[in-house]
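Some notes on the structure that comes next.
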Amino acid sequence: MLSRVRTHLRVGTIQPCRSLYSTIKTIPFDTQPFPFDRFEPCCPAEDTAPSSNGFVPCKKHPIPAVLGRKIDMTESMTGRLETERHVVMCVGPHGKEWERSKVEAVVDGPVYASNQLHSQYLRSPAHRNSDAPPTDKDFLMTVCDRPPQDSPATTTASCDVMVFPEFVFYPQVDPSRLAESNVAQVLETLWKNPSSSTLPYVPNQTAIKDEEGHEVDAVVLVCTHERRDMRCGKIGPLIVDAFKNSLEHRLQNSNKKVLVYGTSHFGGHKFAGNVIIHQKGLGGHMYGNVRDCMVDNLVDRHILNGKIIKELWRGLVTPPSLKC
């Protein structure tokens, strides 16, 4: 979901403070053709004719044909609403959000709490009397299945928060006390200006780390939100497993640390599988029409060699940096 921070009360906009990617022409797209077309299988089933939408089953990586026939492989995937940051609430695999089609409908969840706090912010005198011009930018907010730090796997009493492109981590945030938490300062900064060059320092914040305590270089987020749409719900977990298996082998001789999680809806289920890769120095990039057949090539080209796959690209989620 998007934060919906737009409140066009005054003329003018806050200009984004981006570095590196000033235009689409500066994005490091791979100059070599990707070996797959959109949603193309690596091992086409020779005894099955393509469906009317172009879907062809894969002998090595099967998916239900009834879902494959509902994938859009022709409409343009670019043109999504531009965002500046991505806020990810880590609710774990047992979070109530996975039981609902809309994560903001979970009344004791962090996204609901954030929306409530945002409504209070919009009504506050500090906001209404502000001389700051409105912004036409926004930020993306989703949940993911990373277990909350130091919390039992079956509870959602607290969550952790990740913010990109900073790769900053805020542990143990209680949604019921969000307004009193230090993270509220971060959210208010983003509501004022998603392009802000700095975020408030929070005493217990850290870099995003793996289970061994190493700072990570990239985080892969795959839409697995089955209650929102069956296409991502069935195809997404296959892609998550493919990324984990591929990274285990391809990073053996690399110092890169990469995490992979399932995430909630972020738009475009008809373009399943949907993937966001946040990587230091590259920013966050969204891909669509991904099959698990393609994951090895995505790891090699994007994560290991820093090249963006234009054939599958849906747009920029975050720039590499927002510092001036």
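Oh and the sequence shown: position 132 is 627 in the working numbering, straight run, nothing missing. Glycine residues also receive a C-beta, built at the ideal position from the N, C-alpha and C atoms.
Chain-order list of residues whose beta-carbon lies under 6 Å from that of residue i (same chain, five-residue window excluded)
i: serine 691; result: Thr684
i: valine 711; result: Ile703, Asp705, Lys752 and Leu754
i: aspartate 470; result: The shown model of the chain, from 496 to 819, leaves out residue 470, and the question about it has no answer.
i: arginine 745; result: Val794
i: arginine 501; result: Caution applies to arginine 501, whose pLDDT of 39 falls short of 50 and renders its modelled position unreliable; the value that the coordinates give is listed next. Result list for arginine 501: empty, nothing under 6 Å.
i: lysine 855; result: There is simply no residue 855 to check, as the chain begins at 496 and stops at 819 in what is shown.
i: glycine 549; result: Met568
i: arginine 533; result: Met568 and Asn784
i: glycine 607; result: Correcting the residue identity first, residue 607 is tyrosine in this sequence and not glycine. Within the same chain, tyrosine 607 has close Cβ partners Glu599 and Val601.
CB contact flag (residue i, residue j, <7 Å)
i: alanine 487; j: lysine 554; result: For residue 487 there is no data in the structure shown, the boundaries of the chain being 496 and 819.
i: glycine 825; j: valine 717; result: There is no way to answer for residue 825, as the model of the chain reaches only from 496 to 819.
i: valine 678; j: isoleucine 734; result: no
i: glycine 708; j: threonine 719; result: no
i: cysteine 727; j: cysteine 537; result: no
i: threonine 637; j: serine 759; result: yes
i: phenylalanine 738; j: valine 714; result: no
i: asparagine 610; j: glutamate 594; result: no
i: valine 812; j: glycine 768; result: no
i: glycine 810; j: threonine 521; result: no
Integer Cβ distance of residue i from residue j, believed to fall under 8 Å
i: arginine 723; j: histidine 764; result: 7 Å
i: serine 741; j: aspartate 791; result: 5 Å
i: tyrosine 782; j: leucine 799; result: Wrong, their Cβ atoms sit about 16 Å apart, outside the cutoff.
i: leucine 694; j: glutamate 743; result: The Cβ separation is near 33 Å, so there is no contact.
Neighbourhood of residue i by C-beta distance below 8 Å, restricted to the same chain and skipping five residues each side
i: lysine 729; result: Ile558, Pro559, Leu562 and Glu721
i: glycine 801; result: Pro523, Gln774, Gly776 and Leu777
i: methionine 725; result: Leu562
Option in the options with minimal Cα separation from residue i
i: serine 547; options: Glu594, Arg564 and Asn688; result: Arg564
Spatial neighbours of residue i in its chain, beta-carbon cut-off 7 Å, leaving aside the 5 residues before and after
i: glycine 762; result: Arg575
i: phenylalanine 634; result: Ser498, Thr578, Glu579, Arg580, His581, Val582, Leu685 and Pro689
i: arginine 672; result: none
i: threonine 649; result: For threonine 649, the pLDDT reaches just 43, beneath the cut-off of 50, and the residue's location in the model is therefore unreliable, leaving the point undetermined.
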